[in-house]
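> Numbering (UniProt numbering), first residue to last: 1 to 239.
Don't be surprised by glycine CBs; every beta carbon is placed ideally from N, CA and C.
1. Kindly indicate which three-state DSSP category residue 114 falls into: helix, strand or coil?
2. Counting only beta-carbon atoms, is residue 27 nearer than 8 Å to chain B?
3. Can you tell me where the alpha helix (DSSP H) holding residue 105 begins and where it ends?
4. If you draw a straight line from the C-alpha of residue 61 to the C-alpha of residue 231, how long is it?
5. Between the alpha carbons of residue 203 and residue 142, how many angstroms are there, rounded?
6. Which full runs of the alpha helix (DSSP H) of 4+ residues lie inside the UniProt domain "HTH tetR-type" (17 to 77), going along the chain?
7. Take residue 31 as the anchor and find which of 56, 73 and 81 has the nearest alpha-carbon.
8. Can you name, in chain order, every residue of its own chain whose Cβ lies under 8 Å from the Cβ of residue 28, other than the five neighbours on each side?
9. What alpha helix (DSSP H) runs, 4 residues minimum, are completely inside the region 139 to 209?
10. Please state whether the Cβ-Cβ distance between residue 111 and residue 151 is less than 8 Å.
11. Report yes or no: do the region 124 to 134 and the region 46 to 54 share at least 3 C-beta pairs separated by less than 8 Å?
12. Evaluate contact between the region 202 to 217 and the region 169 to 179, counting only Cβ atoms and requiring at least three cross-stretch pairs below 8 Å.
13. Pull up the CB-CB distance for residue 169 and residue 148, whole angstroms please, since I reckon it's below 8 Å.
14. When the Cα atoms are used, what is the spatial distance from residue 159 to residue 102?
15. Mind reading off the beta-carbon distance from residue 182 to residue 162? Whole number of angstroms is fine, and I expect it under 8 Å.
16. Would you report the Cα separation of residue 184 and residue 197, rounded to the nearest angstrom?
17. Does residue 89 pass the burial test, meaning 16 or more other C-beta atoms within 10 Å, or should it be called exposed?
18. CA-CA distance, residue 20 and residue 58?
19. Output the distance between the C-alpha atoms of residue 8 and residue 46, rounded to the nearest integer angstrom.
20. Check for me: the alpha helix (DSSP H) holding residue 121 runs from which residue to which?
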């Protein structure tokens, strides 16, 4: 019996039916709610209504569990791959899906810096797919690896730097947060920073996050497509 540790979620997961996927999904819920630091084998076992030893059947330690979380999340990108023939359209699709994934699960950015990515199967599959697409665009495999690394870092920076409230706030609290951001800029010297004064007015309205992401993806892809065109121009003639 585990009634003392039973939660609304764990009551639905009988110990004998505990699976690797159910552990990972509960870990993701916990990470989204409280951050990576909240995840421990003991805490997850309590939430799932099982003993810690039951989790060790699926994961040897916390590092392996977090790698499983990364694998599960990144697999969502692969599940939506299309048969679109144009390489750059497919690359854009991967980038857009990664943006959406990081927007839903912000802690994934930190997770990708802490786990050994090359022990995460879906990361390796996604990287290999990206290298194949970029080779079709005219990049060498070495260049493709640089480009794919640039895109990953760019997406992490894009989502992490989104001009939105840092925590969920009520509409009134969000307006107050934007007002303070505007005042921070308006308190600068108008003579020295006239364009920052002009930009300050944009904080009066709620940011269109979807438009921000579209523009950011456009910037990332513009760089990739420009470099691809340059690579094709310098490609040696084929016999």
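Result, derived from the coordinates:
1. Start at 1 with the first residue of the chain shown, and residue 114 comes out as number 114. Here residue 114 sits in helix by DSSP.
2. Absent from the structure: chain B. Only one protein chain is present.
3. Indexing the chain shown from 1 puts residue 105 at position 105. Per DSSP, residue 105 belongs to no alpha helix (DSSP H) and is neither H nor E.
4. By 1-based counting over the chain shown, the position of residue 61 is 61. By 1-based counting over the chain shown, the position of residue 231 is 231. Cα to Cα, the separation comes out at about 45 Å.
5. The residue given as residue 203 occupies position 203 in the chain shown. The residue given as residue 142 occupies position 142 in the chain shown. Each residue's Cα considered, the two are about 42 Å apart.
6. 20 to 34, 41 to 48 and 52 to 56
7. What you label residue 31 is simply residue 31 of the chain shown in a count that begins at 1. With respect to the C-alpha of residue 31, the residue from 56, 73 and 81 having the closest C-alpha is 73.
8. Taking the first residue of the chain shown as position 1, residue 28 is located at position 28. Same-chain partners within the cutoff: 69, 72, 73 and 105.
9. 141 to 160, 171 to 186 and 194 to 200
10. Looking up residue 111 in the chain shown gives position 111. Looking up residue 151 in the chain shown gives position 151. Residue 151 sits away from residue 111, with the two beta carbons spaced by 8 Å or more.
11. no
12. yes
13. As a working mapping, residue 169 is identified with position 169 in the chain shown. As a working mapping, residue 148 is identified with position 148 in the chain shown. Not really, about 35 Å apart at Cβ, beyond 8 Å.
14. Along the chain shown, one-based indexing puts residue 159 at 159. Along the chain shown, one-based indexing puts residue 102 at 102. Computed Cα separation, rounded: 7 Å.
15. Within the chain shown, numbered from 1, the residue matching residue 182 stands at position 182. Within the chain shown, numbered from 1, the residue matching residue 162 stands at position 162. Wrong, their Cβ atoms sit about 17 Å apart, outside the cutoff.
16. Within the chain shown, residue 184 is the residue found at index 184, counting from 1. Within the chain shown, residue 197 is the residue found at index 197, counting from 1. The alpha-carbon atoms of residue 184 and residue 197 are separated by roughly 10 Å.
17. In the chain shown, counting from the first residue as 1, residue 89 sits at position 89. Answer is exposed; the Cβ neighbour count stays below 16.
18. Your numbering for residue 20 matches position 20 in the chain shown. Your numbering for residue 58 matches position 58 in the chain shown. So the alpha carbons of these two residues sit roughly 6 Å apart.
19. Sequence index remark: in the chain shown, residue 8 carries index 8 (1-based). Sequence index remark: in the chain shown, residue 46 carries index 46 (1-based). Its pLDDT being 40, under 50, residue 8 is placed unreliably in this model, and the coordinates cannot settle the point.
20. The residue labelled residue 121 in the question sits at position 121 within the chain shown. Element bounds for residue 121: 121 to 136.
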